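In what follows, a single structure is set out as structure tokens and then discussed.
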Amino acid sequence: MNGDPDMILADDYRPVRQWSPAELIQGDKFTIRATAAHPPPLIKLTWKSSDPVWVEQWPLSKPRIDALLKLVDHELQKGHVEPSTSPWNTPVFVIPKRSGEGFRLLHDLCEVNKKIQPMDPVQTSLPMSSMIPKGQPCAVLDIKDCFFSIPLHDEDKERFAFSIIFPNSQRPNLRFQWRVLPQRMVNSPTICQITVDRALEPVRRSDLTVTIVQYMDDILIAAPSASQVDRAVSTVSETLKTNGFEIASAKIKKGPCVIFLGVEISSSYITPPQIKIRRDIETLHDMQQLVGSLQWLRNIILIPPEVMDPLNDLLKGKNSWEQKTLTPEATRSLDFIEQQMSRSTLTKWDGSVSIDLYVHFTKKRRSRSASPRATRQSSADTVGSLGKTVMCIFPGS
């Protein structure tokens, strides 16, 4: 073709936007601009070894085989699994749901996980809900089946294969492999966090007055006005849908008071969940569950690191069934935590109030905490409750 073309096709791979008439008409030429919304690129796993893992499927009872067939057929219809001829195999089984209605499908990936290079954590602690600006309305969203909404890289699928075997070899085994992130794969949580964060990035950049907090498949939205929250919820839902995720609309909660990650968030305060602290510890697994539940509290109530030390010492061990009992030091730590739970409430961040910084020194480490400016006496009372040497820094003093 001689001369300039009468029509120019421009492909722009950017977040979805509306083109203005001035951008569409350039001089005497009409420019067609196609804005494509592409899902985030798939994350490929790094493997320590490419040697196949084959762990035989153990026999299941007839009722459990029937339940397994039904569950796998459901995943097949959803596109979560596909038929396989993979040289890899690890066992699957079913367990009753806590509700007592039906079964859950579980895939034992322990041997496969040993072959995977673990990814570094991208979110090393729980979000600080107190950093949500004071007085702002909030909304809480939940991504439905988040892992199952994220495809596996094509080269990784065959390594997550499993078999259904039948009694007395009455028919050939059925073999399947996962097409999406499997539950209990060592890197599934990290890949989930990265993928959802990438999907939300354009929304975060589009309105800096909106606060979006994401932890795994839970999302908190805060904004200066209720109308902004509504618009942000709509935008986030549409953006996630474009990226292959589904928001459970029945679980969207809005208002001046919401619950996010078990924490009650009101217009001015953050209230810790009132969990019951277990003391009937018998095994390492019991201890792991106890310490895990306490980690949810550390961003809300004041638990100095040395209080957790006697509890963390009891986490040492290899097998979940190893015997464990609470030491006197661990019991005193739990007493302290229960006292803190009964009287602790966080104030949400107020940008108009100055912040005081407290540095808490111990033999092993130092920890820092910040709180709104108060009188010197009340600040000293606050940190004095630690019963330790504390440095109080008052800006401008």
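If you want this note's numbering, it's the 1-based position in the sequence shown plus 756.
Glycine residues also receive a C-beta, built at the ideal position from the N, C-alpha and C atoms.
From a predicted model like this one, the values you see are computed outputs, not experimental measurements.
Three or more beta-carbon pairs separated by less than 8 Å link the segment 816-835 to the segment 911-923, which places the two stretches in contact. Here Pro1028 really is in contact with Leu1053; their C-beta atoms are around 6 Å apart, less than 8 Å.
Beyond the five residues adjoining it in sequence on each side, Ser993 comes within less than 6 Å, by CB distance, of Ile1003 in the same chain, given in chain order. Gln970 is bridged by DSSP to Ile975. Per the Cβ contact rule, the segment 1066-1086 is not in contact with the segment 1103-1114 (fewer than 3 Cβ pairs under 8 Å).
Going by C-alpha positions, Ile821 is about 10 Å away from Val828.
Between Leu930 and Phe903, the C-beta gap is not smaller than 7 Å, which leaves the two residues out of contact. Gly835 sits in coil when the DSSP states are folded into three classes, being neither helix nor strand. In terms of Cα proximity to Thr951, the closest of Arg940, Ala979, His909 is His909. Leaving aside the five residues that flank Ser1024 on each side, the residues in its chain whose CB is nearer than 8 Å to its CB run, in chain order, Lys890, Gly891, Thr1103, Lys1104. Burial check for Arg1099: the Cβ neighbour count within 10 Å stays below 16, so the residue is exposed. Counting other Cβ atoms within 10 Å of its Cβ, Ser1089 reaches 16 or more and is therefore classed as buried.
Contact between the segment 846-854 and the segment 874-885 is absent, with fewer than three C-beta pairs closer than 8 Å. CA-to-CA, the gap between Arg960 and Val969 works out to about 10 Å. Thr846 carries a coil assignment under DSSP once its states are collapsed to helix, strand and coil. Three or more beta-carbon pairs drawn from the segment 1037-1047 and the segment 1069-1081 are found closer than 8 Å, and the two stretches are therefore classed as touching. A distance below 7 Å separates the beta carbons of Leu976 and Val896.
Counting the other Cβ atoms within 10 Å of the Cβ of His836 gives 16 or more, which makes it buried. Collapsing the DSSP output to three states places Phe1001 in coil. The beta carbon of Thr946 sits closer than 8 Å to those of Met875, Asp876, Pro877, Val878, all from its chain and outside the five residues before and after it, given in chain order. 7 Å or more divides the Cβ of Thr967 from the Cβ of Ala955. One alpha carbon belongs to Ser885, the other to Val1063, and they sit about 23 Å apart.
Here DSSP, grouped into helix, strand and coil, assigns Ile821 to helix. Comparing alpha carbon positions, the residue from Ser905, Thr998, Asn869 closest to Met941 is Asn869.
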